[in-house]
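What follows is one structure encoded as C-alpha cells, with my remarks underneath.
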Amino acid sequence: MFFAIVIAEVNFDVPGAPLNFRALISLILFARVLLDSSEVAGPSFLSTAYSKYIIGFVVYVLLITYSNDLLTVDVVKEYGFALLTTYLAYYYYMKEGGYKIFKTSIIIAGFICLGDLVWSYMLGVGLAIERIYYSFTPAWEYVNHNFFGYICGIAFVFLLGDYLTQSDNNKWNLYLMPVMFFGVLLSTSRSSLLILIIVSIVLIARGLMSRENSSKAYKLVIVSISCLVIAVFMFQMLSSLFHIDSGFMEQITSRLIDEPVAIFNRAMGNDFQAESLDSADWRAEASQIAYDVFTKVLTTPEQIFGIGHDGFIKGGLGFMGIYAAHNGILLMLIEFGVVGFLLYYMMLISLLAKTMKSYYFSPLAICLIFIFLFMISHNREMTSLLALLITGSLAGEVQYIIGDFETEENEENDDAAATSVATNNF
C-alpha cells in the first residue's frame, strides 16, 4: 500500500493525527521493518555507496536551504520522508529478492490514475481532475492532469521493459500495456506520450535485433497497433456513454494532435497555426527565464551552491513571478547549484552504469530514463518520492546483480533476483 500511494500521490490529512496519511503509513511500515527479526540477504542500506550519495545529497540540500533562510519544518519532513522512502525501497527489494512489490504497486497506481481520469470525465469536470478518494476523505491538493499520464506512461515502459528483459513469459504485461497507454491519452499529457513512443521504439527495435527477444518484440508491434485502435474506439465510447461535451473532446484532440503538429512545423521552419501552440509558448518562455536567472541573475557562489529548496518560487524568479521553471535541470541547478546537481546525478549515473556493466538493463532504469526525459520540460520529478523509490529499488538490484545474494527461497524464483542477466543480454 505504501509503494502504491507514493507512486499515485494518494495523500490526505487524517483527522486528529499530527501527520498526513502517507507519512503515517511510512512510519508504521518503518516500525514493522525495525521489529522484523528475519534476516535479509546482502549488505545493509547504510553500507552501500548509494546510501552515502543520497544521505549526502539530502544533508547538502538542507544546509543550503538553511543558509538561504528557507528551511522550514515542512522541508525537513519532506526530505526526511524521502530518505525513509529510499530505505524502504532498498530493504524490500533485498528482502523479497526482486522488484515484485514495486511492479505490483506501479500497476495499482496506474489503475488509480486511470480511474481518477475516467471519474473526472464522468463528473463533467474535464481536465480539472477530481480524484475518486476525495469522495470519502478530506481533499489533499490539486493535482495537474499531466501527472496521471506521467504515472501511466512510467507504468507502460516498466511493463514493456519487464516483458523484454525477464525470462518468463509475462503475458499479463501485454494485456496491461494498452490500459496504461489509454491512461496517457486520457490525461492529454503530450510529454508522456512523446517519451513513451520514443522509449518504446528504442526498446522494441533492440528487442527485434535480439535473438532471445525477437518473438516478444514482434508481439509488441501487434500490441502497439492494438493500442492505437483501442484508443480510438474507447474515446468514442466514453464520449457517448458519459455524454462528454464535444468542446472538451475537441480540446483533447487539440492537445494531442494540433499543438504537437504546430510545434513541429515551427521547429522545421514551416507554416504553423499560432493559436494551436497553447501552452508551448509560455513553457518555452518559462525555461528561457530560468536559464537567464541561472546565467545572469545568480551570483557565482549561488551558481555553485544554489539558493535552496523552493528558492526559485519564493524569490519570484519565474514566469510572471509565479510559475515554476518548467525545466527540471535548470531548476535543480538554480536551487541546489552545480555541487548539488553533480552529487545527485553522480549517484544516478553510478547506478545505471553498474546495471549496464552487468549486461542487464533493468526496467527500473528505464523508468528513471523516462522520468529524466519528462523532467526536462517539467520540474522536480527527478527528486520526487517516486524517483527515490525507484533509485532505492535499483540500488537493491545492483547489489543482487553484483553480489548475487540469493536465499534458498529466492532460488526458486529466478526473476526475483535478476537471473536473466546471463540469458537476456538486452
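If you're matching positions, the sequence shown starts at 1 in the working numbering and goes up one per residue.
Ideal placement from N, C-alpha and C gives every residue a C-beta, glycine not left out.
Nothing here was measured: the structure is a model prediction, and the numbers come from that model.
- Counting only the Cα atoms, Ser-26 lies some 19 Å from Tyr-133.
- DSSP places Asp-13 in no alpha helix (DSSP H); its state is neither H nor E.
- Selection Gly-115, Gly-340, Val-221 evaluated against His-309 yields Gly-340 as nearest (Cα-Cα).
- If only complete runs of 4 or more residues are kept, the segment 95–175 shows the alpha helix (DSSP H) at 100–123, 145–165, in order along the chain.
- Cβ contact annotation for Lys-95 (same chain, cutoff 7 Å, sequence separation greater than five): Val-40, in chain order.
- Counting only the Cα atoms, Leu-88 lies some 12 Å from Ser-51.
- For Gly-311 and Ala-82, the gap between their C-alpha atoms comes out near 19 Å.
- Residues of the same chain with a CB within less than 6 Å of the CB of Ser-120, apart from the 5 flanking positions on each side, are Ile-129, Glu-130 in chain order.
- Counting C-beta atoms within 10 angstroms of its own C-beta, Ser-37 has fewer than 16 neighbours from the protein chains shown and is therefore classed as exposed.
- With contacts defined as CB atoms closer than 7 Å, Leu-385 and Val-6 qualify as a contacting pair.
- The beta carbon of Asn-379 is closer than 7 Å to those of Ala-324, Ala-325, His-326, Gly-328, Leu-331 in its chain, skipping five residues each way along the sequence.
- Per DSSP, Asn-68 has no beta bridge partner at all.
- Bridge pairing for Asn-20: Asp-13 [DSSP].
- Only buried fits Asn-173, as 16 or more other CB atoms lie within 10 angstroms of its CB.
- Beyond the five residues adjoining it in sequence on each side, Leu-29 comes within less than 8 Å, by CB distance, of Phe-2, Leu-88 in the same chain, given in chain order.
- Phe-156 is a Cβ neighbour of Phe-181, given a cutoff of 7 Å.
- Cβ-Cβ distances below 6 Å link His-145 to Leu-127, Ile-129, Ser-187 in the same chain, with the five nearest sequence neighbours on each side left out; the list follows chain order.
- If you compare the alpha carbons of Val-179, Thr-355, Leu-193, Ser-287 with that of Leu-114, the shortest gap goes to Val-179.
- Between the alpha carbons of Ile-313 and Gln-303 lies a gap of roughly 16 Å.
- Taking all protein chains shown into account, Glu-397 has 16 or more neighbouring C-beta atoms within 10 Å of its C-beta and is therefore buried.
- Contact holds between the segment 106–113 and the segment 148–163, because three or more Cβ pairs, one in each stretch, are under 8 Å apart.
- The beta carbons of Phe-57 and Tyr-344 sit closer together than 7 Å.
- By the CB criterion at 7 Å, Pro-301 and Asp-162 fall outside the cutoff.
- The C-beta separation of Ser-350 from Ala-49 comes to about 7 Å, placing the pair in contact by the 8 Å criterion.
- A Cβ-Cβ separation of about 7 Å places Ile-154 in contact with Ile-371 under the 8 Å criterion.
- Arg-190: member of the alpha helix (DSSP H) spanning 190–208, first to last residue.
- Collapsing the DSSP output to three states places Arg-380 in coil.
- For Val-6, the enclosing alpha helix (DSSP H) stretches over residues 2–8.
- Boundaries for Thr-295: no alpha helix (DSSP H) harbours it, and the DSSP string shows neither H nor E there.
- Taking a 10 Å sphere around the C-beta of Asp-13, we find fewer than 16 other C-beta atoms and assign the residue as exposed.
- CA-to-CA, the gap between Ser-189 and Ser-44 works out to about 39 Å.
- The Cβ atoms of Phe-102 and Ser-393 sit closer than 7 Å to each other.
- Across the set Ile-201, Leu-388, Gln-399, Leu-35, the C-alpha of Leu-388 shows the shortest separation from the C-alpha of Thr-85.
- Check the Cα spacing between Ile-108 and each of Val-59, Met-177, Gly-315: the tightest is with Met-177.
- Within 10 angstroms of the beta-carbon of Glu-9 lie 16 or more other beta-carbons, which makes it buried.
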